[in-house]
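Colleague: Next up is a structure, given as structure tokens.
2 protein chains.
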Amino acid sequence: MSSTEISTLGEFGLIDRLTKELTTVNASTLRSVGDDAAVLSYPDTDVLVSTDLLLEGVHFDLTYVPLRHLGYKAAVVNFSDIYAMNGRPRQITVSLGISKRFTVEHIEELYVGMRLACQIYGVDIVGGDTTASRQGLVISITCVGDAPRDNVVYRDGARDTDLICVSGDLGAAYMGLQLLEREKVASAGQKDFMPKFAGKEYLIERQLKPEARRDIVEQLAAAGIKPTAMMDVSDGLSSELLHICHDSKVGCRVYEDRIPIDYQTAVMAEELNMNLLTAALNGGEDYELLFTVPLHCHDAVSKMPGIKVIGHITREELGCALITADGNEIPLRAQGFNHLAQ
Amino acid sequence: MSSTEISTLGEFGLIDRLTKELTTVNASTLRSVGDDAAVLSYPDTDVLVSTDLLLEGVHFDLTYVPLRHLGYKAAVVNFSDIYAMNGRPRQITVSLGISKRFTVEHIEELYVGMRLACQIYGVDIVGGDTTASRQGLVISITCVGDAPRDNVVYRDGARDTDLICVSGDLGAAYMGLQLLEREKVASAGQKDFMPKFAGKEYLIERQLKPEARRDIVEQLAAAGIKPTAMMDVSDGLSSELLHICHDSKVGCRVYEDRIPIDYQTAVMAEELNMNLLTAALNGGEDYELLFTVPLHCHDAVSKMPGIKVIGHITREELGCALITADGNEIPLRAQGFNHLAQ
């Protein structure tokens, strides 16, 4: 890989280079990069706006995260927020703070990943800001999406007796992070170190290259099911479920033996002597969809691939609890990823 | 001021505290903070999206920038981008990266400034992201605005013989920065240091508390004048004018003796032995509007308070030049603020 100092291009040269290949696919994108603002058109739908700030050393470690994957993930986690509202992502703006150790080629790698994510999910890059940073890499992405009128799903719509559903499986991204951290420690100071990832590829992929569950949102729409509440699982199942229950003024019961967990996640928890249930409930970064549907949807959602019914909504005074495999009831607590907590 | 560690509240507690007083004023804001995305409605207008990333140590120095002013400015510079498209700002999302030395009260101060700006300009805070930072304060704001169909003004619409206009005056914000830097150096190590700002209040205000030129956009609309091209002056007049000429495939002539400069700016340049014209052309952060109008609008714009005709658009092959007070022609060059340049 050649190595071009960013200062040789300057801000406008860098932006030109990063955006010259950009094309747009959405009819709602009237004008893209190159002016003070992007111009969009949403005459017939609600407009969704979501934003995410990723900081080096807090959200990612470039020791083991390739820039291409980082770009992909930074885009996808924003798409995930839009799907979690039952919408479709359409545009993103990308702001980058770049410190001196990054070259033009580095930033191009990051863009390759973002462009790939945009291509796969049908999203246009329509603007942004690029600036120097004294503090490592800063990535701020804002995603604009749309949803047909009255189709948006909020956190506050869950009702007593609704079923609680989750897509995919939980805890794998967190275990992938533990694995990457372990191998980083093991590699310290060693030349030609080969990390031991055999048999754990799924965990690595879940951490480094998560996907947003467009398929689930489309599947529900095709079946005519509109969830009563929905969130994506970024901070951990417990934390998200407590949000839904708090905002909807309801309680919940979820069943330990219904929580979907991949085999590799279980093996890894065993190997690291960690509590598997804690990882699945509080691990974070799964980017699965957690949603509630009316009870009469039971047969329909039970048949859908990739969706598991894990419990049900109760009246508020019953509180939020997990029913363990041996039948005990323990209160749900949010121990999720919280960078600002003590 | 009391001092509450952010870790005692955690991310969600901090967000609750910052957003509990937020109300919304725009009909286009259907749902604000509190879900995975904000929900907006723009059935009859084009939607404008602009974004800005501000990093401590690069864009601001908290030695002399009060957090309240910083919040105000961070919001206003985004509004300015929307006005520069002939639009009206309606919503912002605010992402903050916060390092350990900031308390809850610090972040509340920042929000006081942002809320004040939003109140004055009629903008709703609808979402964002709040996270820990290892690297000082990070502020990323995305602004959504609207403009009636076919009313958006781009950079590429300037035509031969159009008049070049600018609002307000130029170079004062840059001189304000020089003054603040000078007093910072002078204050080093001194207790009870009193900075010398007497007679230079305007420069300080232009640097610390800039305004977006909503009044100009409204004035032009009231007179039925739609500019052919427009930008806000953030990087400096020369840089912005070259952007308009490049994108519009035209040349330009601007006249030194027409460039609007405040008396305090001139005095300060003299005092610092700096070239006044260079400061006015390349200073940056003026957040004035630079725009072009058809020649037949001459009488109308000439009569408008706060607008100055500084030159005219030419055919592309004539290039971009400044006509000095003594009649010489010198090529315009972009020497503006460019954090990523050599």
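As you go down the protein sequences, you meet chains A and B in turn.
So the first sequence is residues 43 to 384, counted in the working numbering.
So the second sequence is residues 43 to 384, counted in the working numbering.
Backbone N, C-alpha and C define an ideal beta-carbon position, used for all residues, glycine too.
Going residue by residue through the region 144-192 of chain A, where are the continuous alpha helix (DSSP H) segments of at least 4 residues, counting only ones entirely within it?
Modeller: With a minimum length of 4 residues, the continuous alpha helix (DSSP H) runs that stay inside the region 144-192 of chain A are 146-163.
Colleague: Given B:T203, which residues of its chain have a CB within under 6 Å of its CB, disregarding the five upstream and five downstream residues?
Modeller: L337.
Colleague: Closer than 7 Å by beta-carbon distance: list the chain B residues that pair up with A:R59, in chain order.
Modeller: Chain B residues near A:R59: none, gap ~12 Å exceeds 7 Å.
Colleague: Just mark A:L152 as buried or exposed, buried being the case when its beta carbon has 16 or more other beta carbons within 10 Å.
Modeller: Per the 10 Å Cβ criterion, buried.
Colleague: Looking only at its own chain, which residues have a Cβ that is under 7 Å from the Cβ of A:D58, when we skip the five neighbours before and after it?
Modeller: If we look at A:D58 and ignore the five residues flanking it on each side, it has no Cβ neighbours.
Colleague: Taking the runs of the alpha helix (DSSP H) that are 4 residues or longer, which of them lie wholly in the region 75-129 of chain A?
Modeller: Runs found: 109-125.
Colleague: B:A363 and B:L29 - do their beta-carbons sit closer together than 8 Å?
Modeller: Here chain B comprises residues numbered 43 to 384, so residue 29 of chain B is not present and cannot be evaluated.
Colleague: Under a Cβ-count criterion, where at least 16 other Cβ atoms within 10 Å of its own Cβ denotes burial, should B:D188 be classed as buried or exposed?
Modeller: B:D188 should be labelled buried.
Colleague: For chain A, find out if any of its Cβ atoms is closer than 8 Å to the Cβ of B:G187; answer yes or no.
Modeller: Chain A, which has a Cβ nearer than 8 Å to the Cβ of B:G187, makes this yes.
Colleague: By DSSP, does A:I301 sit in helix, in strand, or in coil?
Modeller: If DSSP states are grouped into helix, strand and coil, A:I301 belongs with coil.
Colleague: Measure the alpha-carbon distance for A:Q384 versus B:M127 and round it to whole angstroms.
Modeller: Model confidence at A:Q384 stands at a pLDDT of 44, short of 50, so the residue's coordinates are unreliable and nothing is read from them.
Colleague: Using a Cβ-Cβ distance cut-off of 8 Å, determine whether B:I124 contacts chain A.
Modeller: Judged by the 8 Å Cβ criterion, B:I124 is in contact with chain A.
Colleague: Assign A:F239 to buried or exposed, taking buried as 16 or more other Cβ atoms, counted over all protein chains shown, within 10 Å of its Cβ.
Modeller: Counting Cβ neighbours within 10 Å, A:F239 comes out exposed, since fewer than 16 surround it.
Colleague: Can you name, in chain order, every residue of its own chain whose Cβ lies under 8 Å from the Cβ of B:D234, other than the five neighbours on each side?
Modeller: Here the set comprises nothing.
Colleague: Report yes if the C-beta distance between B:E98 and B:L212 is below 8 Å; otherwise report no.
Modeller: No.
Colleague: Could you have a look at A:D274 and say whether DSSP puts it in helix, strand or coil?
Modeller: Correct three-state label for A:D274: strand.
Colleague: Give me, in chain order, the residues of the same chain whose beta-carbon lies closer than 8 Å to that of B:Q220; leave out the 5 immediate sequence neighbours on both sides.
Modeller: The answer, listed in chain order, is M310, L314, M316.
Colleague: On the CB-based measure, 16 or more other CB atoms within 10 Å of its CB, does A:I372 come out buried or exposed?
Modeller: Under this definition A:I372 is an exposed residue.
Colleague: Is the region 255-273 of chain B touching the region 344-355 of chain B in the sense that three or more CB pairs, one from each, lie closer than 8 Å?
Modeller: The region 344-355 of chain B, when compared against the region 255-273 of chain B, does touch it at the 8 Å Cβ threshold.
Colleague: Does the distance from the CB of B:S74 to the CB of B:L60 come in under 8 Å?
Modeller: Going by C-beta atoms, B:S74 is not nearer than 8 Å to B:L60.
Colleague: If you run the structure through DSSP and keep just helix, strand and coil, what is B:V309?
Modeller: DSSP places B:V309 in helix when its eight states are reduced to three.
Colleague: Going along chain B, which residues have a C-beta under 7 Å from A:Y84?
Modeller: Per Cβ cutoff of 7 Å: Y84, V89.
Colleague: Check whether the region 115-127 of chain A touches the region 149-165 of chain A, counting contact only when three or more Cβ pairs, one atom from each stretch, lie closer than 8 Å.
Modeller: These segments touch.
Colleague: Please state whether DSSP places A:A200 in a helix, a strand or coil.
Modeller: In the structure shown, A:A200 sits in coil (DSSP, three-state: anything other than H, G, I, E or B).
Colleague: Confirm, please, whether the CB-CB distance from B:S141 to B:R176 is below 8 Å.
Modeller: Taking 8 Å as the Cβ cut-off, B:R176 and B:S141 qualify as a contacting pair.
Colleague: Helix, strand or coil, according to DSSP, for A:L319 in the structure here?
Modeller: Looking at A:L319 - three-state DSSP - the assignment turns out to be helix.
Colleague: For a contact meaning CB atoms closer than 7 Å, what does A:L72 contact in chain B?
Modeller: Result: D88.
Colleague: Rounded to whole angstroms, what's the CA-CA distance from B:T145 to B:I167? Just pull it up for me.
Modeller: Cα to Cα, the separation comes out at about 21 Å.
Colleague: Sorted by chain position, which residues of the same chain lie with C-beta nearer than 6 Å to A:A376's C-beta, five sequence neighbours on each side aside?
Modeller: Taken in chain order, the residues that qualify are S280, S281, L284.
Colleague: Using a Cβ-Cβ cutoff of less than 6 Å, which residues in the same chain neighbour B:K226 once the five nearest sequence positions on both sides are dropped?
Modeller: Result list for B:K226: T105, Y106, in chain order.
Colleague: For A:I365, decide whether its Cβ has a neighbour in chain B, counting only Cβ atoms nearer than 8 Å.
Modeller: No - not a single Cβ of chain B is within 8 Å of the one on A:I365.
Colleague: Regarding B:T307 and the ligand SAM, is the C-beta to nearest heavy atom distance less than 7 Å?
Modeller: Among the components of this structure there are no ligands whatsoever, and the ligand SAM is therefore not found.
Colleague: Using 8 Å as the limit for Cβ to Cβ distance, is A:L97 near chain B?
Modeller: With 8 Å as the cut-off, A:L97 counts as an interface residue toward chain B.
Colleague: If you compare alpha carbons, which of A:D328, A:T334, A:L332, A:V335 is closest to A:M217?
Modeller: Closest option to A:M217, Cα to Cα, is A:D328.
Colleague: Hey, how far is the Cα of B:V186 from the Cα of A:K251?
Modeller: One C-alpha to the other measures close to 30 Å.
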